[in-house]
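The sequence shown begins at 1 in UniProt numbering and counts up by one.
Idealized CB from N, CA, C, for every residue including glycine.
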Amino acid sequence: MTEAGFLETLKRVEDVAVILTRMEDINVVLGKITTIEAFIDRFGTLEALIERFESVENQLYYLKDMLNIDEAAKYLNISKGHMYRLTSNRDISYTKPNGKNIFFERKELDEWKRRNPVLSQRELERQAAIMTAHDHTGKPNHKKKGEKP
1 MTEAGFLETL KRVEDVAVIL TRMEDINVVL GKITTIEAFI DRFGTLEALI ERFESVENQL
61 YYLKDMLNID EAAKYLNISK GHMYRLTSNR DISYTKPNGK NIFFERKELD EWKRRNPVLS
121 QRELERQAAI MTAHDHTGKP NHKKKGEKP
């Protein structure tokens, strides 16, 4: 084989290598397309898939320990303005690390939600029974009927 023939063969091998590399890239792209098609088959349309991703993204704040004002308002299902009123009245704890942005601890928000519970009739009766069994000091009331204190 002549030197020119050898160089020509080497050039063709290099061209084949480039083509194979492109084919690998094409296979990766085809794999991604297949994955997207599977998602579209599952969700119906690309718009439905995007909506689903946005829904998941919007719910990720539930995993965060610290929430900004928008996330906290959404978490409590109240308006952002109401959230600002709660902070202004100091009805809810918050932090202001840089002096501007307000952040809330999720556990503090959970505690705030649990304030002022409305007790069921059964729970009220149970607590009344406990209170009548104890005097005002919290000690058991052992006096008998008709007995003077």
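Taking a contact to mean a Cβ-Cβ separation below 8 Å, would you say residue i touches residue j in this structure?
| i | j | result |
| --- | --- | --- |
| arginine 106 | leucine 67 | yes |
| tyrosine 75 | leucine 46 | no |
Within a Cβ cutoff of 6 Å, which residues of the same chain sit near residue i, ignoring the five residues on either side of it in sequence?
| i | result |
| --- | --- |
| lysine 96 | Ile102 |
| serine 93 | Glu108 |
Out of the options, point me to the one whose CA is closest to residue i's CA.
| i | options | result |
| --- | --- | --- |
| tryptophan 112 | Glu125, Lys100 and Ala72 | Ala72 |
| asparagine 116 | Asp91, Lys32, Ile50 and Val18 | Asp91 |
| threonine 87 | Tyr62, Asn77 and Ile69 | Ile69 |
| isoleucine 50 | Ile36, Tyr62 and Leu63 | Ile36 |
Identify, in the order they occur along the chain, each residue of the same chain with its Cβ nearer than 7 Å to the Cβ of residue i, setting aside the five sequence neighbours on each side.
| i | result |
| --- | --- |
| aspartate 65 | Glu105 and Arg106 |
Could you pull out every unbroken alpha helix (DSSP H) segment of at least 4 residues lying fully inside the stretch 44–96, listed in chain order? 46–59, 69–76 and 80–88
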